[in-house]
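**Student:** In the UniProt record's numbering, the protein residues as written are 1 to 298. For each residue, glycine too, the CB sits at the ideal point set by N, CA and C. Treat the numbers as computed from the prediction; the structure is a model and nothing was measured. I'd like to ask some things about the structure below.
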Amino acid sequence: MSIESTFFAGEMGEPVFVDKNLPEVQEAMRAFGFNTFVSDMISLNRSVPDVRMDECKYWHYPEDLPTASVVIAFHNEGWSPLMRTVHSVLLRSPPQLLKEIIMVDDFSDKEHLKDRLDNYLKQFNGKVRLVRNTEREGLIRTRSIGAKEAAGDVVIFLDAHCEVNINWLPPLLAPIRQNRKVMTVPVIDGIDMNTWSYRRVYGSADRHFRGIFEWGLLYKETEISAQEAARRKHNSEPFRFLDIQSLFFALKLTLCMSPTHAGGLFAIEKNWFEELGYYDPGLQIWGGEQYELSFKAS
Numbered sequence: 001m002s003i004e005s006t007f008f009a010g011e012m013g014e015p016v017f018v019d020k021n022l023p024e025v026q027e028a029m030r031a032f033g034f035n036t037f038v039s040d041m042i043s044l045n046r047s048v049p050d051v052r053m054d055e056c057k058y059w060h061y062p063e064d065l066p067t068a069s070v071v072i073a074f075h076n077e078g079w080s081p082l083m084r085t086v087h088s089v090l091l092r093s094p095p096q097l098l099k100e101i102i103m104v105d106d107f108s109d110k111e112h113l114k115d116r117l118d119n120y121l122k123q124f125n126g127k128v129r130l131v132r133n134t135e136r137e138g139l140i141r142t143r144s145i146g147a148k149e150a151a152g153d154v155v156i157f158l159d160a161h162c163e164v165n166i167n168w169l170p171p172l173l174a175p176i177r178q179n180r181k182v183m184t185v186p187v188i189d190g191i192d193m194n195t196w197s198y199r200r201v202y203g204s205a206d207r208h209f210r211g212i213f214e215w216g217l218l219y220k221e222t223e224i225s226a227q228e229a230a231r232r233k234h235n236s237e238p239f240r241f242l243d244i245q246s247l248f249f250a251l252k253l254t255l256c257m258s259p260t261h262a263g264g265l266f267a268i269e270k271n272w273f274e275e276l277g278y279y280d281p282g283l284q285i286w287g288g289e290q291y292e293l294s295f296k297a298s
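Next comes the structure, spelled out in C-alpha cells:
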C-alpha cells in the first residue's frame, strides 16, 4: 500500500481494506480484538459522515446548557482507537460545554499507555485529565472513579473506542437541563472492527428503537410501535425512559418510554448519580450495569 493511498484513509468513515492475513493484522486482532493496524492508518481527527435525519440539523438548544465531564475508562486499549475517541470529543464539542475529558486507566501495562500517554496529553493544557488506578478495578468501578473526579454538571460515559458525530453534545444535555433526573442515551452507530468504516446500525435515520430486556437479563432493542411514533410531534425528539413515579402522566407525553438503556454510552447529572449511589461497587465488568442503574433511576 502506497503512502498516497493512506493519506486520506478512512475519511468520511470510508472503509480501509487490507489483507486480513498480514502478520501485523493478526497480531493487532490478538492484542486488541480489532484491527488497530488499519486504525493506525487513519487520522485521529478524521471526518465522519453526518448520518442524522434532517430534522436534527434545525433544532435550537438553550444557551444555558449544563457543562459536561466526559469519562473514558480503559484498560490496555490500542493507541489510535483510544486517542481518536479523545480527539473526536475535543473536535466536535462546543468548548463552553465541555468541562473536561477524564481518562481513567484501569491499571494498564501496555508501554504506549505509560509515559507516552502522559506526555501526549500535555498538549491539551488540562482539558484532558488522566487518572490511574493503582490496582485492577474493572470497568464499572473504574467508571464510578471517573464520575467522582468529574467537575462538570453532567457526567457522560463513552467507550474507549468510539467517535462522536456532529453536534452530539447539546441533544444529550438539553433534556437534563429540563429535568435533572433524566438520563440521556445517544443513537449508537457502528464502526467496523476490520475496515474501520463508520455506518448506521439501524438503517434509515428515522427508524427508532428502545431498550428492553429478557428475563435472562439479556439486553435487547425493539422498534417503537406505530402508536408511539404517531404520538410524537417530531420524529427527531428524544425517547423517554419509563419513570414509574410519572406513570400517571405518561399519556400526556410525546416521548417514547424505554424500560432500560444501553450501558456503554449515556449522560447523567453528576449529583443525581451520586444520590443514586453511583454504580453498585460489586459490579466489575460490563453486562448488568444498565439494569442496575435503569431500575434505580426509575
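For the beta strand (DSSP E) that contains L158, what are its first and last residues?
**Tutor:** From DSSP, the beta strand (DSSP E) with L158 extends over V154 to L158.
**Student:** Go ahead and pull the three-state DSSP assignment for R141.
**Tutor:** R141 falls in the helix class under three-state DSSP.
**Student:** Measure the C-alpha to C-alpha separation of V229 and T134 and round it to an integer number of angstroms.
**Tutor:** According to the sequence shown, residue 229 is Ala rather than Val. Each residue's alpha carbon lies about 48 angstroms from the other.
**Student:** Buried or exposed for P186, going by 16 or more other Cβ atoms inside 10 Å?
**Tutor:** With 16 or more other Cβ atoms within 10 Å, it is buried.
**Student:** Please name the residue in L65, M29 and H87 whose C-alpha comes closest to that of L48.
**Tutor:** The displayed chain sequence assigns Val, not Leu, to residue 48. Of the candidates L65, M29 and H87, the one whose C-alpha sits nearest the C-alpha of V48 is H87.
**Student:** Run the CB neighbour count on P95, radius 10 Å, all protein chains shown included, and call it buried at 16 or more, exposed below.
**Tutor:** Per the 10 Å Cβ criterion, exposed.
**Student:** Any idea if F17 is buried or exposed, counting beta-carbon neighbours within 10 angstroms, 16 or more meaning buried?
**Tutor:** So F17 ends up on the exposed side.
**Student:** Looking at C-alpha atoms only, which residue of G152, N194, I145 and D115 is the closest neighbour of K127?
**Tutor:** Residue G152 is the option with its Cα nearest to K127.
**Student:** By the 10 Å Cβ neighbour count, where 16 or more other Cβ atoms means buried, how is M12 classified, buried or exposed?
**Tutor:** So M12 ends up on the exposed side.
**Student:** Using the rule of at least 16 other Cβ atoms within 10 Å of the residue's Cβ for burial, across every protein chain shown, is R46 buried or exposed?
**Tutor:** With 16 or more Cβ atoms within 10 Å of its Cβ, R46 is classed as buried.
**Student:** State the beta-bridge partners of V70 as determined by DSSP.
**Tutor:** Answer is I101 and I156, bridged to V70.
**Student:** Helix, strand or coil: which one does DSSP assign to T36?
**Tutor:** Helix.
**Student:** Compute the Euclidean distance between the alpha carbons of P23 and F8, then round it to the nearest angstrom.
**Tutor:** Roughly 23 angstroms between the two C-alpha positions.
**Student:** Where does A267 land, buried or exposed, given buried means 16+ other C-beta within 10 angstroms?
**Tutor:** Buried, since its Cβ has 16 or more Cβ neighbours within 10 Å.
**Student:** Distance check for E63 and K270, CA to CA, integer angstroms please.
**Tutor:** Straight-line Cα distance between these residues: approximately 20 angstroms.
**Student:** For C256, count the other beta carbons within 10 Å of its own beta carbon; 16 or more makes it buried, fewer makes it exposed. Which is it?
**Tutor:** Unreliable positioning characterises C256 in this predicted model, as indicated by a pLDDT of 45, which lies under 50. The coordinate reading is nonetheless provided below. So C256 counts as buried.
**Student:** F124 to E237, Cα distance in whole Å?
**Tutor:** Each residue's Cα considered, the two are about 34 angstroms apart.
**Student:** Find out if the Cβ-Cβ distance for the pair T36, S80 is shorter than 8 angstroms.
**Tutor:** Against a cut-off of 8 angstroms, the Cβ pair of S80 and T36 comes out as a contact.
**Student:** Please confirm whether any heavy atom of the ligand FAD lies closer than 7 angstroms to the CB of R52.
**Tutor:** Among the components of this structure there are no ligands whatsoever, and the ligand FAD is therefore not found.
**Student:** What's the call for W196, buried or exposed, on a 16-neighbour Cβ count within 10 Å?
**Tutor:** W196 is buried by the Cβ-count criterion.
**Student:** Measure the C-alpha to C-alpha separation of H234 and D280 and round it to an integer number of angstroms.
**Tutor:** Rounded to the nearest angstrom, the two C-alpha atoms are 36 angstroms apart.
**Student:** Assuming V104 contacts G138 (C-beta within less than 8 angstroms), just tell me the rounded distance between them.
**Tutor:** Wrong, their Cβ atoms sit about 11 angstroms apart, outside the cutoff.
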